[in-house]
Ligand code: SF4
């Protein structure tokens, strides 16, 4: 199993909280696309004979700015250079306000079979605060158009714990998302990333983050409401109807191989069962195109992921998915956590943060609230 990720580094307008690499000026698009096709070919010379590809993800940036003809051009490059399974999950991150039904029909006809729609909120003033380009009406229209265009595997992204948000207002957001009957919902707590406009607003005290206790209350309420409506929590921020988990993200969390193309994109490839490499591209379209023009990989940095780091990541990522398979960890890394971490695990279990059964550790709902703290303590 392996995945491909394509980073489309353009947005109509930057959102105040976002630290993903993207620019608003699309004049370099043609130059970028030519470089992207070449990067896809360059990596294929090294990796095309390896694992079959079972997921492709177009992220960004705003990939839904691309017309179907351009999306088709990229997919053709991928299909010509990699062994892509006929049933591969192919996702496009889609922003309301950038698509209409014709464009979505075009994507569908290319084999795109999953949309991840960035709604974030249904409240006009919250959308304005986040500097999103769409209205709540456009968000609803986008989901309806997606159904009519033939998509059934639809995910909706929402953000909670916005400044001044109340539990009631968030619950209304969630209720409106559930009413659209997507197969998958991602609900993220707003993170104040360094060097973003939001970060400056917090520094200047023009905006105050929501108190931690309210953030926790909103998160707990989200878990409850999702369960009530038949969505299974399969990661700290992700909920799906049975069978509709995002395979692409699961591949990331399972340490599967993935190659990523485009500026700022990160890749990971295992060289053996417990050792791998991670590398990431430059965060600049100009530098990216320049390197590729010289037939050089546009890599900004890399690291060896050794056995110890793989083990730490397996604990951290595993806990975020709510479950650790103790037998598998022992097989891969030679560590029996029930022995090495027995005391700590018992105390977490006594505090009703996790359960241990049949060499599986599972987080309770209370445990999900402090998942990262549990991982840190174990590591
Ligand atoms: S649309 Fe997405 S990628 Fe673009 S700035 Fe907003 S959050 Fe970031």
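In my numbering, the protein residues as written are 100 to 478. Note that CB positions come from ideal geometry on N, CA and C, so glycine has one too. Remember, it's a predicted structure, so these values are computed and weren't measured experimentally.
Supposed close pair residue 308, residue 301 - CB separation, criterion 8 Å: Within the chain shown, the letter at position 209 stands for residue 308. Within the chain shown, the letter at position 202 stands for residue 301. Sure, about 6 Å apart at Cβ, within 8 Å.
Alpha carbon of residue 370 to alpha carbon of residue 222, nearest angstrom: Stepping through the chain shown from its first residue, residue 370 is reached at position 271. Stepping through the chain shown from its first residue, residue 222 is reached at position 123. When rounded, the distance between both Cα atoms is 47 Å.
Sequence-distant residues of its chain with Cβ nearer than 8 Å to residue 434 (five each side left out): For this step, residue 434 is matched to residue 335 along the chain shown. The residues are 410 and 428.
Separation of residue 183 from residue 150, as counted between CA atoms: If you number the chain shown from 1, residue 150 lands on position 51. If you number the chain shown from 1, residue 183 lands on position 84. In a straight line, the C-alpha of residue 150 is about 9 Å away from that of residue 183.
Cutoff 6 Å; reference residue 142; Cβ partners in own chain excluding five residues on either side: For the purposes of this step, residue 142 is taken as residue 43 along the chain shown, with counting starting at 1. Excluding its 5 nearest sequence neighbours in each direction, residue 142 has C-beta neighbours in its own chain below 6 Å: 358, listed in chain order.
Boundaries of the alpha helix (DSSP H) in which residue 295 is found, first to last residue: Position 196 of the chain shown, counted from the start, is the residue given in the question as residue 295. Counting along the chain, residue 295 falls outside any alpha helix (DSSP H), and DSSP gives it neither H nor E.
The beta strand (DSSP E) enclosing residue 181, as first and last residue numbers: Numbered from its first residue, the chain shown carries residue 181 at position 82. Run containing residue 181: none; DSSP gives neither H nor E here.
Start and end residues, alpha helix (DSSP H) containing residue 350: Looking up residue 350 in the chain shown gives position 251. Where residue 350 is concerned, the enclosing alpha helix (DSSP H) stretches over 346-352.
Whether residue 244 touches residue 314 by CB criterion (8 Å): As a position in the chain shown, residue 244 is number 145, starting the count at 1. As a position in the chain shown, residue 314 is number 215, starting the count at 1. For the 8 Å CB-CB criterion, residue 244 and residue 314 do not form a contact.
Nearest neighbour of residue 129, chosen from 146, 102 and 165 [CA to CA]: To locate residue 129, count along the chain shown from 1; it is residue 30. Closest by alpha carbon: 165.
Nearest-angstrom Cβ-Cβ length linking residue 228 and residue 261, presumed shorter than 8 Å: Taking the first residue of the chain shown as 1, we reach residue 228 at position 129. Taking the first residue of the chain shown as 1, we reach residue 261 at position 162. The beta-carbon separation of residue 228 and residue 261, rounded to 7 Å, stays under the 8 Å limit for a contact.
Residues of its chain near residue 211, where Cβ-Cβ distance is below 6 Å and the 5 sequence neighbours each way are ignored: For the purposes of this step, residue 211 is taken as residue 112 along the chain shown, with counting starting at 1. Excluding sequence neighbours, residue 211 sits near 189 and 191.
Closest by C-alpha distance to residue 560, when choosing among 389, 438, 280 and 267: For residue 560 there is no data in the structure shown, the boundaries of the chain being 100 and 478.
Rounded distance between the beta-carbons of residue 286 and residue 336, thought under 8 Å: As a first step, residue 336 is located in the chain shown; it is residue number 237 there, counting from the start. As a first step, residue 286 is located in the chain shown; it is residue number 187 there, counting from the start. The Cβ separation is near 6 Å, so the contact holds.
Proximity test, residue 194 beta-carbon vs ligand 1 heavy atom, cut-off 7 Å: On the chain shown, residue 194 is found 95 positions in, with the first residue counted as 1. Set against 7 Å, the gap from the CB of residue 194 to the closest heavy atom of ligand 1 is smaller.
Those residues which DSSP pairs with residue 338 across a bridge: Looking up residue 338 in the chain shown gives position 239. Residue pairing from DSSP places residue 338 in a beta bridge opposite 284 and 332.
Near ligand 1: residue 113 beta-carbon under 7 Å from a heavy atom: Stepping through the chain shown from its first residue, residue 113 is reached at position 14. Within the cutoff, so yes.
Residue 117: CB within 7 Å of a non-hydrogen atom of ligand 1: Counting from one through the chain shown, the residue named residue 117 turns up at place 18. Indeed, a heavy atom of ligand 1 lies less than 7 Å from the Cβ.
Where residue 283 falls, given that 16 or more other Cβ within 10 Å makes a residue buried: Taking the chain shown and counting its residues from 1, one reaches residue 283 at position 184. Buried is the call here.
Nearest candidate by alpha-carbon position, reference residue 279, set 256, 289 and 294: Counting from 1 along the chain shown, the entry for residue 279 is found at position 180. When each option's Cα is compared against that of residue 279, the closest is 256.
Neighbour-count burial assignment, residue 342, 16 or more Cβ in a 10 Å radius: Numbered from 1 along the chain shown, position 243 holds the residue referred to as residue 342. So residue 342 counts as exposed.
Integer Cβ distance of residue 463 from residue 334, believed to fall under 8 Å: Numbered from its first residue, the chain shown carries residue 463 at position 364. Numbered from its first residue, the chain shown carries residue 334 at position 235. The pair is not a contact, with the Cβ atoms about 16 Å apart (cut-off 8 Å).
Rounded straight-line distance, which links the Cα of residue 231 to that of residue 353: The count along the chain shown starts at 1 and reaches residue 353 at position 254. The count along the chain shown starts at 1 and reaches residue 231 at position 132. When rounded, the separation of the alpha-carbon atoms in residue 353 and residue 231 is 32 Å.
Own chain, CB closer than 6 Å to residue 204, minus 5 neighbours either side, in chain order: If you number the chain shown from 1, residue 204 lands on position 105. For residue 204, where only same-chain residues beyond five positions count, the Cβ hits under 6 Å are 248.
Heavy atom of ligand 1 within 7 Å of residue 121 beta-carbon: Here residue 121 corresponds to residue number 22 of the chain shown, with the count starting at 1. The answer is yes for residue 121.
Inter-residue CB distance, residue 237 and residue 118 (contact presumed, cutoff 8 Å): As a position in the chain shown, residue 237 is number 138, starting the count at 1. As a position in the chain shown, residue 118 is number 19, starting the count at 1. About 25 Å separates the two Cβ atoms, so there is no contact after all.
Of the listed residues 461, 208, 449 and 391, nearest to residue 414 (C-alpha basis): In the chain shown, the residue the question calls residue 414 occupies position 315. Comparing Cα positions, the closest option is 461.
Contact set for residue 220: own chain, Cβ-Cβ below 6 Å, skip 5 residues either direction: Within the chain shown, numbered from 1, the residue matching residue 220 stands at position 121. 226 and 272.
Rounded separation between residue 442 and residue 457 - CA only: Numbered from 1 along the chain shown, position 343 holds the residue referred to as residue 442. Numbered from 1 along the chain shown, position 358 holds the residue referred to as residue 457. Residue 442 and residue 457: Cα-Cα distance of roughly 17 Å.
Supposed close pair residue 105, residue 173 - CB separation, criterion 8 Å: Here the question's residue 105 lines up with position 6 in the chain shown. Here the question's residue 173 lines up with position 74 in the chain shown. Indeed they touch by this definition, with Cβ atoms about 6 Å apart.
Residues near residue 114 by beta carbon distance below 7 Å, same chain, minus five either side: Numbered from 1 along the chain shown, position 15 holds the residue referred to as residue 114. 229, 230 and 231.
Residue 214 vs residue 169 beta-carbon contact at 8 Å: Numbered from its first residue, the chain shown carries residue 214 at position 115. Numbered from its first residue, the chain shown carries residue 169 at position 70. No. Outside cutoff.
Rounded straight-line distance, which links the Cα of residue 349 to that of residue 453: If you number the chain shown from 1, residue 453 lands on position 354. If you number the chain shown from 1, residue 349 lands on position 250. Those two C-alpha atoms are separated by around 21 Å.
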